Every structure is written in structure tokens, then in C-alpha cells.
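Trainee: In UniProt numbering, the protein residues as written are 1 to 441.
#1: What span of residues does the alpha helix (DSSP H) with residue 317 cover, start to end?
#2: Suppose contacts are defined by Cβ-Cβ distances below 7 Å. Is residue 345 in contact with residue 313 by that definition?
#3: Under the assumption that residue 190 contacts residue 137 (Cβ atoms under 8 Å), give the Cβ distance between them as a whole number of angstroms.
#4: Taking buried to mean at least 16 other C-beta atoms within 10 Å of its own C-beta, is residue 443 buried or exposed?
#5: How is residue 311 classed by DSSP in three states: helix, strand or coil?
#6: Measure the alpha-carbon distance for residue 444 versus residue 421 and round it to whole angstroms.
#7: In three-state DSSP terms, what is residue 68?
#8: Excluding the 5 residues flanking residue 424 on each side, which residues of the same chain have their C-beta closer than 6 Å to its C-beta?
#9: Using 8 Å as the cut-off, can you tell me whether the segment 197-205 makes contact with the segment 222-229, which would need three or more C-beta pairs spanning the two stretches below that distance?
#10: When the distance is taken between beta carbons, is residue 265 closer than 7 Å to residue 220?
#11: Tell me whether the beta-carbon of residue 292 lies closer than 7 Å to the beta-carbon of residue 248.
#12: Looking at the structure shown, is residue 169 part of a helix, part of a strand, or coil, going by DSSP?
#13: Taking residue 306 as part of the alpha helix (DSSP H), name the residues at either end of that continuous run.
#14: Run the CB neighbour count on residue 274, radius 10 Å, all protein chains shown included, and call it buried at 16 or more, exposed below.
#15: Between residue 302 and residue 204, what straight-line distance do the alpha-carbon atoms span, to the nearest angstrom?
#16: Answer with buried or exposed for residue 28, where buried requires no fewer than 16 other C-beta atoms within 10 angstroms of its C-beta.
#17: Out of 207, 105, 84, state which residue places its alpha-carbon closest to the alpha-carbon of residue 240.
#18: Does the separation of the CB atoms of residue 88 and residue 39 fall below 7 Å?
#19: Would residue 95 and residue 55 qualify as a contact pair, given that the criterion is a beta-carbon distance under 7 Å?
#20: If you compare alpha carbons, which of 250, 333, 234, 414 is closest to residue 294?
#21: Within 10 angstroms of its Cβ, does residue 83 collect 16 or more other Cβ (buried), or is it exposed?
#22: Is the number of C-beta pairs between the segment 98-105 and the segment 49-69 that are closer than 8 Å three or more?
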């Protein structure tokens with residue numbers, strides 16, 4: 001009896017795992033693995049005691065916020081998430097620290113509440129300015145977190161410049177013996193890129209006269225570096241400095257001396273390019289040192305930034321200044337390519353930063369929006385005419401049927417004409433749909 005019950009439809013246990021013999025269970029793996037977990041479930045797991053559970057939760061949230069604009073989730077849990085991530089930065093494992101820092105940056109670029117992102121800026125800056133956490137600024141993820149939070153959360157140029165000063169003290173310690181100059185080229189490149197990214201948000205006339213003296217000389221010395229990415233970062237920083245048109249804030253030299261300094265930089269860049277056979281790669285995608293050197297040389301010689309464009313979701317974004325190019329490159333590096341395209345297409349903050357307003361399209365790709373159903377309503381007025389002596393009148397029911405047939409079936413009726421116009425409109429939409437180019441990322 002027991003044997004028959006087990007073989008028919010009930011449940012049986014094997015090595016402690018509950019198995020279901022029903023046909024539905026065999027076709028539905030969800031009964032084995034359990035119900036699908038939501039983003040909120042992983043949010044709750046951040047308070048778990050096991051490090052592996054917390055790391056999995058952080059990884060899932062990080063991926064979700066990178067590849068999707070989880071606006072509702074972010075707005076509901078912003079404050080709690082920021083404080084939890086700050087706790088991981090202070091006391092978490094290296095993996096938790098890096099993931100949490102990246103999440104704070106994503107939260108800052110997604111939320112549309114100014115007060116929330118500004119509060120996050122203040123909390124992050126306060127935490128990372130402390131002596132015990134200051135060395136963590138050289139961790140690339142934390143450096144990116146602070147930079148992105150400042151970009152979206154700083155309310156004025158003074159707040160942005162205070163973070164730039166914090167970065168500059170790490171880039172160029174000077175005579176400060178408390179800071180050791182043992183950074184790898186990758187870390188130094190990231191710090192210069194972050195500094196340039198924030199510089200791109202400030203008008204030159206708002207900058208301090210004393211904080212950036214000697215910056216031109218410092219960056220020009222890096223141009224001769226053997227590391228191509230470090231050279232690229234220095235070239236971009238110099239281009240931004242000259243674009244600000246406030247050279248006196250970056251050098252204590254006179255105007256004549258600044259002209260001589262500019263000429264020397266042009267010679268350096270020409271020499272750098274000549275070492276590679278005068279290779280001049282297009283400045284459309286400034287990802288390598290030679291590329292940025294070539295673009296910077298063109299800018300310094302012509303004193304005008306050449307217009308370039310980036311194709312995003314099949315649509316062109318025109319970049320007419322070095323500030324825009326630096327911002328695009330930094331955010332694309334922070335989000336990676338897939339995440340960057342998603343945010344450019346759907347993130348309202350990105351639309352405002354780049355003045356980019358993508359055309360809406362549906363989930364089937366290159367298909368025009370066609371309404372599922374179109375209706376035409378026609379109102380007809382039939383006056384009541386009394387015909388007492390007309391013996392040829394048909395019965396009322398027959399007369400109504402003929403009138404309805406005349407209104408719907410006749411090729412000259414209003415309904416038939418409206419139907420013809422609707423079909424013609426749908427044909428035109430189909431023709432335009434075939435003419436459109438394919439959207440590409």
C-alpha cells in the first residue's frame with residue numbers, strides 16, 4: 001500500500017531533498033529551486049550574517065542597477081542603501097567594499113531627488129575624508145564612487161572643487177611627506193581622470209586662484225610617460241585646462257610665458273606622435289594615449305574643439321567640447337558599454353547632462369509605433385419626414401435595414417471612405433518601417 005502510494009502522485013524523499021512526482025513538477029523547475037527572488041529580497045539579505053549572502057546580494061543589486069533603471073526601488077530604499085553601503089566601505093570585506101562603493105555611485109546617478117543625492121554626497125565625503133579611510137581613496141571603485149556622487153550631488157562649484165582638491169593632494173603630494181608617491185600608473189590614471197571629470201563641470205572663472213598652480217607643468221611632464229593610458233589622461237586634463245581659458249589659475253607664469261608653455265606642449269605632443277610613425281588616429285573615441293594626444297594636439301593648434309559624435313542606440317550624440325568628451329568617457333568606463341547605453345537611453349539625469357533626447361521605440365526593435373486598434377465614428381443626422389399619403393413606403397423594418405446597408409456597404413458611404421483612408425495610412429506606416437535603418441548599439 002505504501003509502495004503504491006509513493007509511486008502514484010504524492011511525494012518521496014531522497015537524501016533529504018523533497019522531490020515531487022507530479023507531471024507539473026517535472027516541467028517546472030521553480031518547485032525545486034523555490035520561488036523567484038525579487039530585488040527587495042536581496043535588499044533584505046544585505047543585513048545577513050554570512051558574508052557570502054551579503055556579497056551575492058550586493059552583486060545582484062549592482063548588476064540590476066547597472067543594466068536597468070530601477071527607479072522605484074532606488075527612490076524607496078535610497079537612504080537605507082547608502083548607509084548600508086557606507087558601512088560595508090568602512091568595515092566590510094574587500095569584495096563588499098568595492099561592490100558597495102559602485103552601488104552608491106549608481107544610486108546617485110539614478111535618483112531624481114536633489115536632496116537625497118546631495119545628502120549622499122555629504123555622507124560619502126565625510127566618511128572618506130577621515131584619516132582611517134583616506135587611503136581607501138586609491139581603490140578604483142571608491143574613487144569612482146566619490147567622483148560620481150560629487151558630479152551628481154554637489155550643489156555648487158565650491159563643493160565640487162573641495163573634492164577636486166582632495167584628489168589633487170593625492171595626485172601631486174608636493175612637499176607633503178605624509179603622502180607617499182607609490183601609486184601604480186593605473187591608480188594615477190584613474191585619479192587624473194576623476195579630477196578632469198569634475199573639472200569639466202566648473203566654469204573657469206569660478207575656479208580658485210591658489211589651488212591649481214603648477215597643474216600645467218605637472219601634466220606636461222606626464223606626457224612623456226611610457227604608459228599610454230596615463231599619457232591620455234594627462235592630455236585630456238591639459239585640453240580641459242586650456243578650454244577653460246583661465247590659464248593664470250593653473251600657472252603662475254605671465255601671458256607670454258603661458259604662450260611659450262603652450263608651444264612646448266605642442267612640441268611634446270608632436271614628438272610623441274612622431275615616435276609612432278606620425279600615427280593620427282581619429283579623436284572620435286579617445287580611449288588610448290595616442291588617440292588623446294592627437295586630439296589634444298589638434299585642439300591646441302586650432303584653439304577649437306572639433307565636433308565629433310558617438311552613436312548610442314542608433315542615434316547620434318554630438319560632442320562639441322572637451323568637457324563633453326571627458327564626461328562621456330568617464331561615465332562609459334564607470335557603467336561599461338551595456339550599462340552606459342541603457343542609462344543614456346532611459347536615465348533622465350543623463351538626458352539632462354548631455355542634452356540627449358532619444359527617440360522612443362518599442363521592444364521589437366526598428367518598428368514604428370502602430371496603434372493596435374483604430375476606430376472611426378460617424379454621426380449621421382436623418383430628419384424625420386412625415387409621409388402620410390406615400391403608399392409606396394416599405395415597412396419600417398425593411399426601410400431601416402436598407403438604410404443601414406447603404407451606410408455600411410456602399411463604396412460611397414462615409415464609413416467606406418473612412419475605412420479606405422485607414423488602410424492607406426497603415427500601408428504608409430509599413431513602407432516607412434521598411435525604410436528605417438536597423439538600430440545598433
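The C-beta atom is built at its ideal place from N, Cα and C for all residues, glycine as well.
Computed from a predicted structure; not experimentally measured.
Mentor: Short version:
#1: As a working note, residue 317 is residue 317 in the chain shown. Looking at the DSSP string, residue 317 is not in any alpha helix (DSSP H); the run it does join, the beta strand (DSSP E), is 315-319.
#2: Position 345 of the chain shown, counted from the first residue, corresponds to residue 345. Position 313 of the chain shown, counted from the first residue, corresponds to residue 313. Taking 7 Å as the cut-off, the beta carbon of residue 345 is found closer than this to the beta carbon of residue 313.
#3: Along the chain shown, read from residue 1 onward, the residue named residue 190 stands at position 190. Along the chain shown, read from residue 1 onward, the residue named residue 137 stands at position 137. Rounded, the Cβ-Cβ distance is 10 Å, inconsistent with contact.
#4: Beyond the ends of the chain as shown, which are 1 and 441, falls residue 443; an answer cannot be given.
#5: For the purposes of this step, residue 311 is taken as residue 311 along the chain shown, with counting starting at 1. Looking at residue 311 - three-state DSSP - the assignment turns out to be strand.
#6: Since the displayed the chain opens at 1 and closes at 441, residue 444 lies outside it and no answer follows.
#7: Translated into positions along the chain shown, residue 68 becomes position 68. Coil, per DSSP.
#8: Along the chain shown, one-based indexing puts residue 424 at 424. For residue 424, where only same-chain residues beyond five positions count, there are no Cβ hits under 6 Å.
#9: Segments in contact, no.
#10: Your numbering for residue 220 matches position 220 in the chain shown. Your numbering for residue 265 matches position 265 in the chain shown. For residue 220 and residue 265, yes; Cβs fall inside 7 Å.
#11: As a first step, residue 292 must be located in the chain shown, where it is residue number 292. As a first step, residue 248 must be located in the chain shown, where it is residue number 248. With contacts defined as CB atoms closer than 7 Å, residue 292 and residue 248 fail to qualify as a contacting pair.
#12: The count along the chain shown starts at 1 and reaches residue 169 at position 169. Helix at residue 169.
#13: Sequence index remark: in the chain shown, residue 306 carries index 306 (1-based). Per DSSP, residue 306 is not a residue of any alpha helix (DSSP H), being assigned neither H nor E.
#14: Taking the first residue of the chain shown as 1, we reach residue 274 at position 274. Residue 274 is exposed by the Cβ-count criterion.
#15: Along the chain shown, read from residue 1 onward, the residue named residue 302 stands at position 302. Along the chain shown, read from residue 1 onward, the residue named residue 204 stands at position 204. Cα-Cα distance, rounded: 20 Å.
#16: Here the question's residue 28 lines up with position 28 in the chain shown. Reliability of the predicted coordinates at residue 28 is poor, the pLDDT of 42 falling under 50, and the value obtained from them is presented with this limitation in mind. Exposed, because fewer than 16 other Cβ atoms sit within 10 Å of the Cβ of residue 28.
#17: As a first step, residue 240 must be located in the chain shown, where it is residue number 240. Closest by C-alpha distance to residue 240, out of 207, 105, 84, is 207.
#18: Start at 1 with the first residue of the chain shown, and residue 88 comes out as number 88. Start at 1 with the first residue of the chain shown, and residue 39 comes out as number 39. Going by C-beta atoms, residue 88 is not nearer than 7 Å to residue 39.
#19: Position 95 of the chain shown, counted from the start, is the residue given in the question as residue 95. Position 55 of the chain shown, counted from the start, is the residue given in the question as residue 55. In this structure, residue 55 lies closer than 7 Å to residue 95 by Cβ.
#20: In the chain shown, the residue the question calls residue 294 occupies position 294. The candidate whose alpha carbon is nearest that of residue 294 is 234.
#21: By one-based count along the chain shown, residue 83 stands at place 83. It counts as exposed.
#22: With the cut-off at 8 Å, the segment 98-105 and the segment 49-69 touch.
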